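Per this note's numbering, the sequence shown starts with residue 1480, numbered consecutively.
See below for the structure under consideration.
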Amino acid sequence: MPRNYDIAELRRLDVAHHLPAQADWKEIENLGGSRIITHAEGCYIHDGDGNRILDGMAGLWCVNVGYGREELVEVAAEQMRELPFYNTFFKTATPPTVLLADKIASLSNGRLPHVFFNSSGSEANDTVFRLVRRYWELKGEPKRQIFISRWNAYHGSTVAGVSLGGMKAMHATPGLPIPGIEHVRQPYWFNEGRDMDEEAFGTLCAQAIEERILEVGPENVAAFIGEPIQGAGGVIIPPKNYWPQVEAICRKHGILLICDEVITGFGRTGKMWGHETVGVSPDIMPMAKGLSSGYLPISATAVSAEIIEVMKTGGDFVHGFTYSGHPVSAAVALRNIEIIQREGLVEKTGNETGPYLAKALATLNDHPLVGQTRSVGLLGAVEIVADKATGARFGGAEGTAGPIVRDLCIANGLMVRGIRDSIVMCPPLVISTAQIDELVGIIRQALDEAVPRLR
Ligand code: PLP
1480 MPRNYDIAEL
1490 RRLDVAHHLP
1500 AQADWKEIEN
1510 LGGSRIITHA
1520 EGCYIHDGDG
1530 NRILDGMAGL
1540 WCVNVGYGRE
1550 ELVEVAAEQM
1560 RELPFYNTFF
1570 KTATPPTVLL
1580 ADKIASLSNG
1590 RLPHVFFNSS
1600 GSEANDTVFR
1610 LVRRYWELKG
1620 EPKRQIFISR
1630 WNAYHGSTVA
1640 GVSLGGMKAM
1650 HATPGLPIPG
1660 IEHVRQPYWF
1670 NEGRDMDEEA
1680 FGTLCAQAIE
1690 ERILEVGPEN
1700 VAAFIGEPIQ
1710 GAGGVIIPPK
1720 NYWPQVEAIC
1730 RKHGILLICD
1740 EVITGFGRTG
1750 KMWGHETVGV
1760 SPDIMPMAKG
1770 LSSGYLPISA
1780 TAVSAEIIEV
1790 MKTGGDFVHG
1800 FTYSGHPVSA
1810 AVALRNIEII
1820 QREGLVEKTG
1830 NETGPYLAKA
1840 LATLNDHPLV
1850 GQTRSVGLLG
1860 AVEIVADKAT
1870 GARFGGAEGT
1880 AGPIVRDLCI
1890 ANGLMVRGIR
1900 DSIVMCPPLV
1910 ISTAQIDELV
1920 GIIRQALDEA
1930 VPRLR
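Right, here's the structure in full:
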């Protein structure tokens, strides 16, 4: 059972001292502090006001195996007793770190046999950034330094991560994005291509990448980076023909292909990796979140043999973190992957709960506020519109309806995220079909309650 906290005092201290992530601190002050989440089990979180909330976001796209896994607690305690920390700087490694690298290599079917550890998805992408630029330098093509990314992509919050990402609001800090990163259009059919056939739009978006490559000169381009399915951008599922064309363009111009699997890895899309779902094979794959189901911070950057062979010609790669390969995080990640495999969570998502979520979401299509529902595996979105025929948004611009519906979902017992006017979801992979019904039922109720507020 949870401890008996003084919630009012915690909220007071939250306002006085704590600066929450990606937040408007004045708004939180006006609200009298953050919602305090005290404990959780399975697919439900509990807050300090006694609310039990279905966690439609798996924490922050990460608690794939659900809450309350005693064996993860035990494996962490065991590892902490044996060796709570050691680094990988001194020509040293620890057993869980090496075993986890081997495990990740085997999960990529040996195509990405080398693994560098970090603590967060952002750091995994910082590693990508430095590794790729160093690789081209060592390979004798030092001009290849430019990364191509997409507007509205999310690759993290560090200086390199946020620059690789394409969120304009996050670039609104002086000096960002850093130079050497080119952003091209995203494959967001519902918002940007509805006057076109989906496949034609997919081709147009892939062509935008090639056009930019030709514009800046292929000899200057190092890599293309993309999330197989954009997560934080609003669960944007590209047209089926988009990614294979992107891969062909990268191969044609000798550019590295990087799939950011921070959200899409570890079964989220119904296959182990999002790149399998979209049908491409990357040279580098950053991952985090589902790697440990969020029980401890850990991320990894998996890399092809070809790239590491070149890196080995360059002496030290002077990059790394105190917590690279943290033994406790690695031990937890190893056991977490064991749970995912033992319980068949990838297959369950691909064959059972993913298709069930898609069907359940589709029942919302008759709602007057719903412009589109979409999902892949257990990653889904509902587009809220003022006019179903034209896709026009409430208030004339995006971002009016989303927060209203999101808040109504939370008030009705479902944690989801409102990204502009999309309600997005990413529940734990252990969610049952009955819980999916609950999730979709609450969204319908929230939509119903939103109608009088919006019209
Ligand atoms: N890359 C992707 C695709 C993400 O979705 C995220 C976080 O949501 C990140 C990178 C950054 O991860 P972190 O917040 O652990 O730094």
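Here a beta-carbon is modelled for each residue, glycine too, at the ideal position from N, C-alpha and C.
From a predicted model like this one, the values you see are computed outputs, not experimental measurements.
Can you look up residue i in the DSSP assignment and give me helix, strand or coil?
i	result
I1524	strand
N1597	strand
I1763	strand
I1704	strand
D1534	strand
L1498	coil
R1896	strand
A1711	coil
Y1484	coil
L1510	coil
Y1546	strand
N1516	The displayed chain sequence assigns Ile, not Asn, to residue 1516. It is a strand residue.
L1539	helix
L1591	coil
I1728	helix
L1735	strand
V1919	helix
I1902	strand
E1822	coil
P1697	helix
V1721	Sequence inspection shows Tyr at residue 1721; the Val mentioned does not correspond to that position. Of the three classes helix, strand and coil, the one that applies to Y1721 here is helix, per DSSP.
V1909	coil
Given that a residue counts as buried once 16 or more other Cβ atoms are within 10 Å of its Cβ, and exposed if not, what is residue i?
i	result
P1806	buried
D1866	exposed
Y1546	buried
H1754	buried
T1652	exposed
T1828	buried
E1690	exposed
S1911	exposed
R1747	buried
L1510	exposed
N1670	buried
M1751	buried
I1667	Contrary to the premise, residue 1667 reads as Tyr rather than Ile in this sequence. That one is buried.
G1794	exposed
A1839	buried
Are residue i and residue j touching if we call contact CB-CB under 9 Å?
i	j	result
P1776	S1598	yes
A1701	R1590	no
N1815	S1854	no
A1767	G1733	no
G1804	T1573	yes
L1843	V1864	no
L1918	M1904	yes
L1848	V1741	no
I1524	I1516	yes
F1569	G1799	no
I1737	P1761	yes
G1681	K1719	yes
I1708	T1756	yes
I1688	I1627	yes
H1496	S1513	no
F1596	S1778	yes
A1537	P1907	yes
A1781	L1578	no
D1900	R1872	yes
* **4 or more residues per run - each alpha helix (DSSP H) lying fully within the region 1825 to 1892** => 1833 to 1841, 1880 to 1890
* If you scan the region 1599 to 1665 from start to end, which runs of the alpha helix (DSSP H) of 4 or more residues do you find wholly inside it? -> 1600 to 1617, 1638 to 1643, 1647 to 1650
* Where in the region 1548 to 1586 do unbroken runs of the alpha helix (DSSP H), each at least 4 residues long, occur, reported from the N-terminal end onward? -> 1549 to 1561, 1574 to 1586
* Minimum length 4: unbroken alpha helix (DSSP H) runs contained in the region 1739 to 1818 -> 1753 to 1757, 1784 to 1790
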